[in-house]
Amino acid sequence: MNFDKKKIDLFAIDIRENIVRTIASKGTGHVGGSLSIADTLAVLYGAVMNVDPENPNKEDRDYIVLSKGHAGPALYAALALKGYFPMETLQTLNKNDTILPSHTDRLKTPGVDLTTGSLGQGTSLAAGAALADKLDGKENYTYLIVGDGELDEGQVWE
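So for the sequence shown, the working numbering puts the first residue at 1; every next one is plus one.
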């Protein structure tokens, strides 16, 4: 792991700035939930995760499950800053035919591994993805981000 605290702190600031800029330009979105994970995403994408923006579906990549899919603007900011798509794409959030829907969608957005939005489902998705990779003999990691508000929802609550 290559951890440069100053670099990670600056990456987190860039993520926050892009969250605020993107949501403010739309006039709608989950600002608090998005801002709350900026540091986590900065550490994961800036120092921990094995990912490649040039090859977002590479076999040995690490996965991230953003269970609170409504915090998609934070993930989108991190992905754009890492080079998964042009920064200008952030301004298309929630527009028709965008690759950045309000909740994360693996079929639309490069770098998004699992579609989320239904609260309380991410834990099961992440556990299943991690188990499947382990059974296939892969050595990658699956990271899960949940929100405190969803801990009383779905399968997390059950």
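For glycine and all other residues, C-beta sits at the position ideal for the given N, C-alpha and C.
For clarity, every value in this text was computed on a predicted model and none was experimentally measured.
Check	Outcome
Who are the Cβ neighbours of Gly111 in its own chain at under 6 Å, not counting the five residues just before and after it?	Pro56, Leu79 and Tyr84
Look up Leu119 in the DSSP assignment and say whether it is helix, strand or coil.	coil
I'd like to know whether the C-beta atoms of Ile64 and Ile8 end up nearer to each other than 8 Å.	no
Restricting to runs no shorter than 4 residues, where is the alpha helix (DSSP H) found entirely within the stretch 52-130?	72-82
So Thr28 is in the beta strand (DSSP E); what residue range does that whole segment cover?	Element bounds for Thr28: n/a, residue is neither H nor E.
Compare the C-alpha of Pro86 against each of Leu100, Gly147 and Leu135 and name the closest.	Leu100
Going by C-alpha to C-alpha distance, which of Asp97, Asp4, Gly72 and Lys58 sits closest to Val31?	Gly72
Whole angstroms is fine: what's the gap from Ala130's alpha carbon to Tyr141's?	7 Å
Below 8 Å on the Cβ atoms is my guess for Ala42 versus Phe3; work out the distance and round it to an integer in Å.	Contact flag wrong, Cβ pair sits at about 11 Å.
Would you mind stating whether Thr40 and Leu90 have Cβ atoms separated by less than 8 Å?	no
Return helix, strand or coil for Leu151, following the three-state DSSP convention.	coil
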